[in-house]
Amino acid sequence: MSATLPLTRLTDLDRAGLSDWCVEQGADAYRADQIRRWIFGKRVGHFDEMHDVPVALRAKLKDQFMLFDAQVVRHQVASDRTEKLLCELSDGEHLECVLMRETSRRTVCISTQVGCAMGCVFCASGLNGVKRNLATGEILEQVLRLDRLLGPEERITNVVVMGIGEPLANLKALLPALDTLNEKGALGLGARRITVSTVGLPDGIRALAAHGKPYNLAVSLHAPNDELRNRIVPVNARIGLDAILAAADDYFDKTGRRVTYEYVLLRGINDEVEHARQLGALLSDRNAHVNLIPMNPVEPLHLDAPSVVQMRKFVNRLEQAGVNVTLRKRKGADIDAACGQLRLQEQVGAIQPSPT
Ligand code: SAH
Numbered sequence: 008m009s010a011t012l013p014l015t016r017l018t019d020l021d022r023a024g025l026s027d028w029c030v031e032q033g034a035d036a037y038r039a040d041q042i043r044r045w046i047f048g049k050r051v052g053h054f055d056e057m058h059d060v061p062v063a064l065r066a067k068l069k070d071q072f073m074l075f076d077a078q079v080v081r082h083q084v085a086s087d088r089t090e091k092l093l094c095e096l097s098d099g100e101h102l103e104c105v106l107m108r109e110t111s112r113r114t115v116c117i118s119t120q121v122g123c124a125m126g127c128v129f130c131a132s133g134l135n136g137v138k139r140n141l142a143t144g145e146i147l148e149q150v151l152r153l154d155r156l157l158g159p160e161e162r163i164t165n166v167v168v169m170g171i172g173e174p175l176a177n178l179k180a181l182l183p184a185l186d187t188l189n190e191k192g193a194l195g196l197g198a199r200r201i202t203v204s205t206v207g208l209p210d211g212i213r214a215l216a217a218h219g220k221p222y223n224l225a226v227s228l229h230a231p232n233d234e235l236r237n238r239i240v241p242v243n244a245r246i247g248l249d250a251i252l253a254a255a256d257d258y259f260d261k262t263g264r265r266v267t268y269e270y271v272l273l274r275g276i277n278d279e280v281e282h283a284r285q286l287g288a289l290l291s292d293r294n295a296h297v298n299l300i301p302m303n304p305v306e307p308l309h310l311d312a313p314s315v316v317q318m319r320k321f322v323n324r325l326e327q328a329g330v331n332v333t334l335r336k337r338k339g340a341d342i343d344a345a346c347g348q349l350r351l352q353e354q355v356g357a358i359q360p361s362p363t
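For the sequence shown, my numbering begins at 8 and goes up steadily by one.
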């Protein structure tokens with residue numbers, strides 16, 4: 008009797024990889040497209056549901072691959088129908104992903120790492136550092152799991168890589184995942200409907216541009232000068248705003264995609280009208296969009312959003328400078344939908360003694 012080999016995640020294979028496998032099994036290469044359509048387009052939960060795939064090939068698939076690796080350990084639904092999953096990976100680590108509904112938009116927010124090394128002071132994801140990168144299949148599974156929460160008439164319209172982790176620190180796994188989401192025979196989502204959010208790693212921004220697909224780029228700026236940004240976003244100390252903006256300008260030149268700058272509004276820290284003036288000065292000559300995000304409170308952190316009046320003043324000052332700006336609405340507030348909060352609870356829960 009031969010020892011059982013561990014199963015491979017099917018979603019770790021790209022189209023070419025799966026075609027090669029099919030050919031190795033003596034099947035036609037086009038079977039790969041059929042299989043991928045079942046997984047990405049038809050929401051199957053099991054290989055046996057792939058009716059037009061020959062039974063013998065299905066049996067081989069079952070022998071060698073798993074369709075889903077991560078287990079959903081928590082599923083929360085907010086009053087605005089935002090849904091959040093906490094998934095346990097095969098090594099016991101956890102990740103989070105979120106589904107947001109707004110009019111006809113169905114946006115999924117996905118994670119790229121277990122934890123985060125960036126250490127932004129307001130963010131729950133980085134409180135315990137980074138454990139490891141996610142694999143391509145682990146990134147894709149989040150989209151597949153969330154897609155299966157949708158009703159028969161609903162379709163994913165947008166993907167934002169704004170969950171746990173720094174996406175540009177894991178481009179090797181992320182790019183094949185995004186390309187599968189974009190691929191016609193898989194999820195078939197237009198590149199313009201996919202957004203990668205980064206703390207601002209210039210080499211990563213350039214590598215993403217060189218990849219040649221017009222994915223949207225969002226840069227998490229959070230401060231209009233280096234002195235303040237070094238305090239809020241510690242990695243900035245070895246990068247600096249000039250280098251980030253130069254890389255983002257190159258991204259725009261190469262892809263033609265307008266760059267979004269995210270700015271979490273933190274009461275008493277980066278929310279003064281003077282900060283808005285400085286931000287306006289940085290961005291008014293650029294083809295940029297500013298997305299202001301009121302701080303979503305995180306349990307162990309003593310940080311809050313500014314008052315509505317203060318946020319309005321900030322918006323007005325940016326508009327005066329001619330900057331395109333939106334103030335993001337909070338979604339899923341009653342289910343801790345800000346990144347990393349559920350995973351953090353899971354970790355805290357794990358180290359607390361159980362009640363006796
Ligand atoms: N590392 C990437 C992607 C993850 S963070 C990045 O830095 O962009 C995705 C977005 O969520 C970032 O703009 C981040 O600033 C924001 N965010 C994180 N914690 C938040 C909180 N507590 N409240 C509001 N926004 C938060």
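Even glycine gets a Cβ: it sits at the ideal position worked out from N, Cα and C.
Leaving out five residues before and five after L157 in sequence, what residues of the same chain have Cβ atoms less than 8 Å from its Cβ?
What you label residue 157 is simply residue 150 of the sequence shown in a count that begins at 1. Excluding residues within five positions, the ones whose Cβ falls inside 8 Å are L106, R113, I163.
Name the residue from V240, R350, G33, L196 whose alpha carbon lies nearest to the alpha carbon of P221.
The residue you call residue 221 lines up with position 214 of the sequence shown. Among V240, R350, G33, L196, the Cα nearest to that of P221 belongs to L196.
Range covered by the alpha helix (DSSP H) that runs through R43
In the sequence shown, counting from the first residue as 1, residue 43 sits at position 36. Its alpha helix (DSSP H) spans residues 38-43.
State buried or exposed for Q359, treating a residue as buried only when at least 16 other CB atoms are found within 10 Å of its CB.
In the sequence shown, residue 359 corresponds to position 352, counting from 1. Unreliable positioning characterises Q359 in this predicted model, as indicated by a pLDDT of 34, which lies under 50. The coordinate reading is nonetheless provided below. With fewer than 16 Cβ atoms within 10 Å of its Cβ, Q359 is classed as exposed.
Indicate whether E269 and A225 have their beta-carbon atoms separated by less than 8 Å.
Against the sequence shown, residue 269 aligns to sequence position 262. Against the sequence shown, residue 225 aligns to sequence position 218. Yes. Within cutoff.
Less than 7 Å between the CB of T205 and some heavy atom of ligand 1, yes or no?
Stepping through the sequence shown from its first residue, residue 205 is reached at position 198. Yes, the Cβ of T205 comes within 7 Å of a heavy atom of ligand 1.
If you pair each beta-carbon of the segment 244-256 with each one of the segment 122-138, do three or more pairs fall below 8 Å?
no
Which class does T364 belong to by DSSP, given the choice of helix, strand or coil?
The structure shown does not extend to residue 364, since the chain spans only 8 to 363, so no value can be given for it.
I want to check one thing, is the minimum distance from the CB of C130 to the heavy atoms of ligand 1 below 7 Å?
As a working mapping, residue 130 is identified with position 123 in the sequence shown. Taking the Cβ of C130 as the reference point, at least one heavy atom of ligand 1 falls within a distance shorter than 7 Å.
Report yes if the C-beta of N140 is less than 7 Å from at least one heavy atom of ligand 1; otherwise report no.
Mapped onto the sequence shown, residue 140 falls at position 133. It does not: the Cβ of N140 is nowhere closer than 7 Å to a heavy atom of ligand 1.
Which of the three DSSP states, helix, strand or coil, is assigned to V242?
By one-based count along the sequence shown, residue 242 stands at place 235. It is helical.
If you draw a straight line from the C-alpha of A230 to the C-alpha of V322, how long is it?
Sequence index remark: in the sequence shown, residue 230 carries index 223 (1-based). Sequence index remark: in the sequence shown, residue 322 carries index 315 (1-based). Looking at the two C-alpha atoms, the distance is approximately 15 Å.
Is C104 near ligand 1, in the sense that its beta carbon is under 7 Å from a heavy atom of that ligand?
Here the question's residue 104 lines up with position 97 in the sequence shown. No - ligand 1 has no heavy atom lying nearer than 7 Å to the Cβ of C104.
Assuming G170 and C104 are in contact, meaning their beta carbons sit under 8 Å apart, how far apart are those beta carbons, in whole angstroms?
Along the sequence shown, read from residue 1 onward, the residue named residue 170 stands at position 163. Along the sequence shown, read from residue 1 onward, the residue named residue 104 stands at position 97. The Cβ separation is near 6 Å, so the contact holds.
Can you look up P301 in the DSSP assignment and give me helix, strand or coil?
Against the sequence shown, residue 301 aligns to sequence position 294. DSSP places P301 in strand when its eight states are reduced to three.
Below 7 Å, is the gap between the Cβ of N237 and the nearest heavy atom of ligand 1?
Locating residue 237 in the sequence shown gives position 230, where the first residue counts as 1. No, Cβ of N237 sits at least 7 Å from all heavy atoms of ligand 1.
For a test of your reading of the model: does the CB of I300 fall under 7 Å from any non-hydrogen atom of ligand 1? Yes or no.
Here the question's residue 300 lines up with position 293 in the sequence shown. I300 Cβ: within cutoff of ligand 1.
Looking at C123 and ligand 1, is the gap between the Cβ and the nearest heavy atom below 7 Å?
As a first step, residue 123 must be located in the sequence shown, where it is residue number 116. Yes, since a heavy atom of ligand 1 falls inside the 7 Å radius drawn around the Cβ of C123.
Taking DSSP's pairing of strands, which residues face C94 in a bridge?
Indexing the sequence shown from 1 puts residue 94 at position 87. According to DSSP, which records beta bridges pairwise, C94 is partnered with V79, L102.
At which residues does the beta strand (DSSP E) containing G172 begin and terminate?
Your numbering for residue 172 matches position 165 in the sequence shown. It is not in any beta strand (DSSP E) - G172 carries neither H nor E in the DSSP assignment.
Buried versus exposed call for K91 [16 or more other C-beta atoms within 10 Å across all chains shown]:
As a position in the sequence shown, residue 91 is number 84, starting the count at 1. Classification of K91: buried, given that the 10 Å Cβ count is 16 or more.
Taking only the alpha-carbon atoms, compute the straight-line gap between A36 and G144 and give it to the nearest angstrom.
For the purposes of this step, residue 36 is taken as the residue at position 29 of the sequence shown. For the purposes of this step, residue 144 is taken as the residue at position 137 of the sequence shown. So the two alpha carbons sit approximately 21 Å from each other.
What would DSSP say about C29, mapped onto helix, strand or coil?
Translated into the one-based positions of the sequence shown, residue 29 becomes position 22. In the structure shown, C29 sits in a helix (DSSP, three-state: H, G or I).
Backbone CA spacing between A124 and G207 [nearest angstrom]:
The residue labelled residue 124 in the question sits at position 117 within the sequence shown. The residue labelled residue 207 in the question sits at position 200 within the sequence shown. Going from the Cα of A124 to the Cα of G207 covers about 13 Å.
Are the CB atoms of R16 and A142 within a distance shorter than 8 Å?
Taking the first residue of the sequence shown as position 1, residue 142 is located at position 135. Taking the first residue of the sequence shown as position 1, residue 16 is located at position 9. Yes. Within cutoff.
Are L153 and V168 close, meaning C-beta to C-beta below 8 Å?
Residue mapping note: residue 153 aligns to position 146 of the sequence shown, counting from 1. Residue mapping note: residue 168 aligns to position 161 of the sequence shown, counting from 1. Result no, Cβ atoms of L153 and V168 do not sit closer than 8 Å.
Measuring from the CB of C94, is there a heavy atom of ligand 1 at a distance below 7 Å?
Counting from 1 along the sequence shown, the entry for residue 94 is found at position 87. No, Cβ of C94 sits at least 7 Å from all heavy atoms of ligand 1.
Excluding sequence positions up to five away, which residues of its chain have a Cβ less than 8 Å from the Cβ of Q285?
Sequence index remark: in the sequence shown, residue 285 carries index 278 (1-based). The residues are P231, N232.
Please tell me whether, using a cut-off of 7 Å, the distance from the CB of N277 to the nearest non-hydrogen atom of ligand 1 is below it.
Your numbering for residue 277 matches position 270 in the sequence shown. Flag unset: Cβ of N277 not near ligand 1.
Bounding residues of the beta strand (DSSP E) (the contiguous stretch that carries V280)
By one-based count along the sequence shown, residue 280 stands at place 273. From DSSP, V280 is part of no beta strand (DSSP E) but of the alpha helix (DSSP H) over 280-290.
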